[in-house]
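Protein chains: 2
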Amino acid sequence: MLDNERLSGQDQLIDRFGSYFESIGFQPIAGRIIGLLSVSDREELSFDEIINRLKISKGSASVVLRRLVSECRVAVVESGRRHYYKLNQQNLFELLDEFERMCDSVRYLLNTTIDLKTDKESSNAKYFNQIINTIDRYKTNMATMRQAVQTI
Amino acid sequence: MLDNERLSGQDQLIDRFGSYFESIGFQPIAGRIIGLLSVSDREELSFDEIINRLKISKGSASVVLRRLVSECRVAVVESGRRHYYKLNQQNLFELLDEFERMCDSVRYLLNTTIDLKTDKESSNAKYFNQIINTIDRYKTNMATMRQAVQTI
DNA sequence: TATTTAGTTTAATCGCGATTGAACAAAAAA
DNA sequence: TTTTTTGTTCAATCGCGATTAAACTAAATA
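Quick mapping for you: the protein sequence lines, in order, are chains C and G. Heads up, the final residue of the first sequence is numbered 698 in my numbering, and it's a clean run with no missing numbers. Heads up, the final residue of the second sequence is numbered 698 in my numbering, and it's a clean run with no missing numbers.
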């Protein structure tokens, strides 16, 4: 593969990272920064390199990077008067953790809903109970899988 | 539990449903409609009942309901010149389906990223490979669980 | 000390989805 | 036929997050 093909492929990927992270609630620029730090050949980039390649203002880069660092998604290394940023490699189960939190909140919502029903045998009440059972089964299953992966 | 306690509890729950569905990309009103159809005692409500209890305009109710129906989240029953709406009880694994689609798109993103790396042994490349392996293990596991649940 | 470099802060703007209100259409009722 | 009911359509507005530009600060360099 030619080098310029690779670089333009990277640019496209950066936008895809951006779209993905935007879809899960990140600011567009935050997603593209994560994308850049993921796809670029050198995996530790300076503030300047980031704003130049993504063509964003210093202001937004500053705000977004501070946030990403505070959320532990990006790590910062100070060298001289420059800041270098790199992807923070988080727990492998990060994606799963977030999904399980979502399951917990759904489970709570449905449980409370059933509590407030006059008719606990109503169509929705029965449906919600089935979902709760499925969530419980899922969580048990996941706990087992996590243990298996840990002990490899 | 007193009846008015139950009703105000329902109102709070409706807003929680709203927040939850908003967090996964629905319009605020869409989430509250789903909430209302989930928590209310009668589980089939007319257009009028919906806009009165949620205090929303006819315009937004019309637009949002049409969308919810087209997405198969809500079912509509026509009776006389009135429309009645109820929650559409979807596949139990709906939540999981969506999560697995997300896993697929992450997997694709990471795979493509590795393809474009000059150094396939770079820190990020190795990290991404680990995530891909974890996703694959997860999907295998889920397939097994689904089968188990189907055959109960 | 004066100057340059690197990044921060903040006021202003831009864009866009969500929501409403009011006019409108269709069908039932009178 | 006329009126009422039920819901739809669409232009206008509202609100808000994302982004930028430019002034500003702090630290390194000359």
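All residues carry an ideal CB built from backbone N, CA and C; glycine is no exception. As the structure is a computational prediction, the values presented were derived from the model and not from experiment.
Which same chain residues, not among the five before or five after residue i, have their C-beta less than 6 Å away from its C-beta?
i: Ala621(C); result: Lys632, Asn634
i: Val623(C); result: Tyr630
i: Ser592(G); result: Arg628, Tyr630
i: Cys649(G); result: Ile681
i: Gln558(G); result: none
Once you ignore the five residues that flank residue i on each side, which residues in its own chain have a CB closer than 8 Å to its CB?
i: Tyr566(G); result: Gly577
i: Asp643(G); result: Asn637
i: Asp561(C); result: Arg578, Gly581
If you drop the 5 nearest sequence neighbours on each side, which residues of the same chain put their C-beta closer than 7 Å to that of residue i?
i: Ile575(G); result: Ile602, Ser606, Val610
i: Ile677(G); result: Leu656
i: Glu568(G); result: Pro574, Gly577
i: Phe674(G); result: Leu656, Thr659, Ile660
i: Arg692(G); result: Phe639
i: Arg599(G); result: Leu582
Applying the 10 Å Cβ sphere with the 16-neighbour rule, what's the burial state of residue i?
i: Lys604(G); result: exposed
i: Cys618(G); result: exposed
i: Asn670(C); result: buried
i: Gly571(C); result: exposed
i: Leu641(C); result: buried
i: Tyr654(G); result: exposed
i: Gln556(G); result: buried
i: Thr680(C); result: buried
i: Ser584(C); result: buried
- prompt: the region 680-691 of chain G: which residues have C-beta closer than 9 Å to a C-beta of chain C, in chain order?
  reply: Thr680, Ile681, Arg683, Tyr684, Asn687, Met688, Thr690, Met691
field: Residues of the region 584-595 of chain C with Cβ closer than 8 Å to any Cβ of chain G, in chain order
entry: Ser584, Val585, Asp587, Glu589
- prompt: What beta strand (DSSP E) runs, 3 residues minimum, are completely inside the region 599-638 of chain G?
  reply: 620-625, 628-633
message: Short of 9 Å Cβ to Cβ, which residues in the region 561-576 of chain C face chain G?
response: Arg562, Phe563, Tyr566, Ser569, Ile570, Gly571
task: Return the residues of the region 601-627 of chain G that lie within a Cβ-Cβ distance of less than 8 Å from chain C, sorted by chain order.
output: Cβ contacts with chain C: none found.
message: If we require 4 or more residues per run, which alpha helix (DSSP H) segments fall completely within the region 569-597 of chain C?
response: 574-585
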